[in-house]
Amino acid sequence: MRRILLAAGAAAAVAAPLAMTGAHAAQAVPADPYIPTVCGDRRPQEADPGSYGMQLDGTFRHPSLTPPGEDRHPFPGGAQDLFPKTEGYDPKPHISGPVKVEASYRGKTFTPDYFHSWQNIVDFKGRRYLFQYDRSEGRVYDITDVRKVKVVETMTRDDVDGDENKGNATWAPHDFWGASSIQWNAKLRAYVMVQSFEAKRQIPDELGDDPEHGKFGNPAGVEKVRKTAQLKGFKVFRLDGPRKKDWKLLSTVSTDATQPDPLKSDVNKPQQGSGSLDIPYYTGGKYMFIAVAPRDSWGNSEVPTNLYSAGYQSYDMSDPAHPRKLGEWHLPGQVKGEEAAYRKNPRCGNQTSWMGARMSLFIPKPVEQGGKYAFAAQGGFGMSVLDISDPAHMKTVSHLDLPMSVGGTEADNVDVSQYARTGMIYVSGYPLGEDCYEPYKDIFQVDARDPAKPRIVGTLPRPVPPRGSGFTDYCQRGGSFGPKRSGYYTSPGNPPAGLIPYAFYNAGVQLFDLKDRAHPKIAAQFVPQGYSKGVPDWALGNQTHGVYVEWDRKIIWVFTNDGIYALSSRKLIGKPRFDAPSAPFHNSWL
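Mind the numbering: the sequence shown is residues -25 to -1, 1 to 565 in mature numbering (1 follows the signal peptide of the UniProt record, and there is no 0), read in order.
Next up, the structure:
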């Protein structure tokens, strides 16, 4: 199963030149100097089938350690026993608690990508639009009437087989729709979109024998990625309307620290580093923060499908047409030459773990409003607290190592929606394997009231299927089970006290009640059907992978491998509004 992180199996790392065979026999490619080899090959072994599975009390025992991979792993009493007629996936939906389905939009028209997509909301001329996209595949929906959503634009590269090197009527070569923050800019009196441009997270197989080689032992594949020509950085647009023709490019910025002029980068030449990852942190004001590896030497990461270990950069966005880099930060151990620090991490050499940032900094209060602290989720490196009050000189305040949970992705998301009220943050990774063939990904409750001493004080409860579902644990339902993310700071309106929604893959959307911090509970859950003939069999395991909430209209949008759902919950978030919002989504504090 393919994901945004393609954690495929990897061969052993080599330090000497590799002699190629077959069609590549004439090419001897030296080992890449930035692939970490300091700890050798310590890949986890496959788990003993007797060490995990269904227990007598109806719960599931997870394996304690697994290698990378996304293949099915059937177990007695699991999905392939319970649902043989639907390829080992539960075909039924499940709902419990005060949540209601207001509308559903299923099928390819409403599914730009089966595995992952980003969302944003904008308002123009009294109408509300939802953007949903993943690189070359995107949709613009008019969602003014929640119950009558219309597609107003489709962006695709289907006619050129998705090849980003090729242009078509929608996209120029090397262009795509990167993960974006779209915010109202008071100076321009317009929405400004900052769009990430990132290197693809996959390594081509150049050995001719193993399509899942990754970066270890595959110097030719790594070299091919290094030589790929594309922008690595971000673009800034002014939006004068919801459609692509309404975007006005203001600036193109390379994050390659070796570029002589970041605003005049040549996308026809290879650039160093990762580019900007996932959603930038930009609220329409003066400062922006992005996750980035600005040089190839920022590469100490064990995941076999990505060459980089991202830290962070800060920018002055006073003039969106001329962003100015202010500073950068990384954790010791991420960069070539810091092997002594890297070696101390117990994941070193496992050729499995994502190490470094995937998202930008998680910031409870913008610096422009007097905010001081940011939380950095760094995969297998854990979580750090930064002082960003001077964005040009970001400083480490504290660091928190998290319990190991290999495979899968660790320390991916930090929910800070409750921090101002309670001092609590919620830190989580997400699963990659199917059939629960990896450790469970807890959502850690972290007390950060003293930012210098963050500490784990609990976990959010594990979702349990409703009575009458026909199974006792979500591991039996088929697909991945665990948290993805809790939505994004770009949502319109303000999240309520004591409630966080999480997309939970085969457990749909889980709504956590946190009012009693010592005893958090699940207040409601919506689990859409887990099987559709319209979804390819290779994508069936990647079910609910996104949630985006209109807090102003009290609508919860759910994004799956089979379409979009609109939910409401009068009891938990208030009376929903199904027509145009009372006011456009702007940052009124600016």
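Backbone N, C-alpha and C define an ideal beta-carbon position, used for all residues, glycine too.
Short of 7 angstroms from the beta carbon of D134, and not among the five residues preceding or following it, lie these beta carbons of its own chain, in chain order: N143.
Annotation for G196: the continuous alpha helix (DSSP H) segment containing it runs P194 to R201. Check the Cα spacing between F501 and each of Y477, G345 and Y290: the tightest is with Y477. When secondary structure is reduced to three states using DSSP, W222 falls in the strand class.
Within the same chain, G113 and T145 come within 6 angstroms of M130 by CB-CB distance, once the 5 residues on both sides are set aside. In this structure, H37 keeps its C-beta atom at 7 angstroms or more from the C-beta atom of Y480. When the alpha-carbon of R299 is set against those of V432, G308 and F209, the nearest one is in F209. R424 is classed as exposed because its beta carbon has fewer than 16 other beta carbons within 10 Å across all chains shown. Contact check for G473 against T519 fails: the beta carbons are separated by 7 angstroms or more.
Within the same chain, and ignoring the five residues on either side of P495 in sequence, the residues whose Cβ sits closer than 8 angstroms to its Cβ are Q420, G433, L435, P436, F487, D488 and L489. Among the bridge pairs identified by DSSP, H374 is matched with S359.
With respect to the 7 angstroms criterion, P245 and A204 are classified as neighbours on the basis of their beta carbons. Taking each of G345, H305, R103 and K125 in turn and checking the Cα distance to S557, the smallest one comes out for R103. Linking V278 to R545 through their CA atoms gives a straight-line distance of about 43 angstroms. Counting C-beta pairs with one atom in each stretch, the segment 217 to 235 and the segment 264 to 277 have three or more that are closer than 8 angstroms, which means they touch.
The C-alpha of S543 is placed about 26 angstroms away from the C-alpha of V510.
Assigned with DSSP and collapsed to three states, H368 falls in helix.
Take the alpha-carbon of I118 and the one of Q234: they are about 42 angstroms apart. Proximity to V169 across K123, H297, G192 and I418 peaks at H297, based on C-alpha coordinates.
Contact between the segment 72 to 82 and the segment 354 to 365 is absent, with fewer than three C-beta pairs closer than 8 angstroms. For the options N388, D422, Q504 and A349, the alpha carbon positioned closest to that of V372 is the one of A349. Here G25 is not near D410, since their CB atoms are 7 angstroms or more apart.
Rounded to the nearest angstrom, the Cβ distance from F58 to G453 is 6 angstroms, consistent with a contact under 8 angstroms. By the CB criterion at 7 angstroms, L377 and G346 fall outside the cutoff. By the Cβ-count criterion, D136 is exposed, with fewer than 16 other Cβ atoms from all chains shown falling within 10 Å of its own Cβ. DSSP places Y317 in the uninterrupted alpha helix (DSSP H) bounded by E314 to R318.
Excluding the 5 residues flanking it on each side, Q326 has same chain C-beta neighbours closer than 7 angstroms at A(-16), D16, R18, F191, E277 and P279, in chain order. For R396, the three-state secondary structure derived from DSSP is helix. Taking 7 angstroms as the cut-off, the beta carbon of D537 is found no closer than this to the beta carbon of R164. Distances from the CA of I418 to each of K428, I400, L407 and P426 were compared; the closest alpha carbon is that of I400. Beta-carbon to beta-carbon, D120 and D554 are separated by about 6 angstroms, close enough to satisfy the 8 angstroms threshold. Rounded to the nearest whole angstrom, the CA to CA distance from S156 to Y463 is 10 angstroms. Annotation for K546: the continuous alpha helix (DSSP H) segment containing it runs R545 to I548. For D554, there is no enclosing alpha helix (DSSP H), since its DSSP letter is neither H nor E.
Under DSSP, the beta-bridge partners assigned to D109 are E112. Between the C-alpha atoms of R396 and T465 there is a straight-line separation of about 19 angstroms.
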